[in-house]
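If you use the numbering used here, the sequence shown corresponds to residues 27 to 162, in order. All C-beta atoms, glycine included, are put in the ideal place defined by N, C-alpha and C. Computed from a predicted model, the values in this text were never measured in an experiment.
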Amino acid sequence: MSWLSEFHHALGTIKNGKVHPVYFLYGNDFYLCDTAIRAIRKILTEKHTSCDYNYVTASDTDASQLQNLLFGTSLFQSVSCLVLNNVKGLLPSARKVLNAYLDNPPADNVLILTADEIDYKNALYKRLKEKTVTLM
Numbered sequence: 027m028s029w030l031s032e033f034h035h036a037l038g039t040i041k042n043g044k045v046h047p048v049y050f051l052y053g054n055d056f057y058l059c060d061t062a063i064r065a066i067r068k069i070l071t072e073k074h075t076s077c078d079y080n081y082v083t084a085s086d087t088d089a090s091q092l093q094n095l096l097f098g099t100s101l102f103q104s105v106s107c108l109v110l111n112n113v114k115g116l117l118p119s120a121r122k123v124l125n126a127y128l129d130n131p132p133a134d135n136v137l138i139l140t141a142d143e144i145d146y147k148n149a150l151y152k153r154l155k156e157k158t159v160t161l162m
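Spelled out as structure tokens, the structure:
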């Protein structure tokens, strides 16, 4: 199966209501990335009364901010959707926070990680490939 047909299969799964806790979108096709993010957000807002949505760039996010975004609880107990753009830019301390989250992500929250390119030798990307639903 080609990467594009795998993408469309995963997108169909999302549109049918099956959302995983962590997604990894890589590649520089903005349209496909945006399509996946919109599909996930749409399903979350349809299934839940409220959904907190945050979009942050990894290079602008330190470990304590990431800790609050990933592990912080909402006052209203709403579902959370966090897009962490360009995960390659994460500082080493923030990568440790991300690794801890990947070990046990909450089922109701969704984390979407994006990267323009992927380095298959990098330990972070190897971990993302094994712990996330990878698209693109």
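With distances taken from CA atoms, which of Tyr146, Thr99, Ser85 and Leu137 is nearest Leu116?
-> Out of Tyr146, Thr99, Ser85 and Leu137, the CA that lies nearest to the CA of Leu116 is found in Ser85.
C-beta atoms of Leu49 and Val159 nearer than 9 Å | A small fix is needed here, since residue 49 is Tyr in this sequence, not Leu. In this structure, Val159 lies closer than 9 Å to Tyr49 by Cβ.
Outcome for Ser119 when other beta-carbon atoms lying within 10 angstroms are tallied against a minimum of 16 | A residue is called buried when at least 16 other Cβ atoms come within 10 angstroms of its Cβ; Ser119 does not meet this threshold and is exposed.
Strand pairing of Asn112, partner residues [DSSP] | According to DSSP, Asn112 bridges with nothing at all.
In three-state terms, what does DSSP make of Val45?
-> In this structure, Val45 counts as coil in the three-state DSSP scheme.
Assuming Val45 and His74 make a contact with CB atoms under 8 Å, what is their CB distance in whole Å?
-> In this structure Val45 does not touch His74 by the C-beta definition: roughly 10 Å separates them, more than the 8 Å allowed.
Once you ignore the five residues that flank Arg67 on each side, which residues in its own chain have a CB closer than 8 Å to its CB?
-> Answer for Arg67: Cys77, Tyr79 and Cys107, listed in chain order.
Taking only heavy atoms of the ligand SAH into account, decide whether any of them is closer than 8 Å to the Cβ of Gln93.
-> For the ligand SAH, the structure offers nothing, since it holds no ligand at all.
Pick from Asp142, Leu96, Asn148 and Gln91: whose alpha carbon is nearest that of Pro132?
-> Of the candidates Asp142, Leu96, Asn148 and Gln91, the one whose C-alpha sits nearest the C-alpha of Pro132 is Leu96.
Any idea what DSSP makes of Asn80, helix, strand or coil?
-> Reduced to three states, the DSSP call for Asn80 is strand.
Three CB pairs or more closer than 8 Å across the stretch 133-145 and the stretch 31-41 = Touching, no.
Apply the 10 Å Cβ neighbour rule to Ala126 and answer buried if 16 or more other Cβ atoms are within range, or exposed otherwise.
-> Counting Cβ neighbours within 10 Å, Ala126 comes out exposed, since fewer than 16 surround it.
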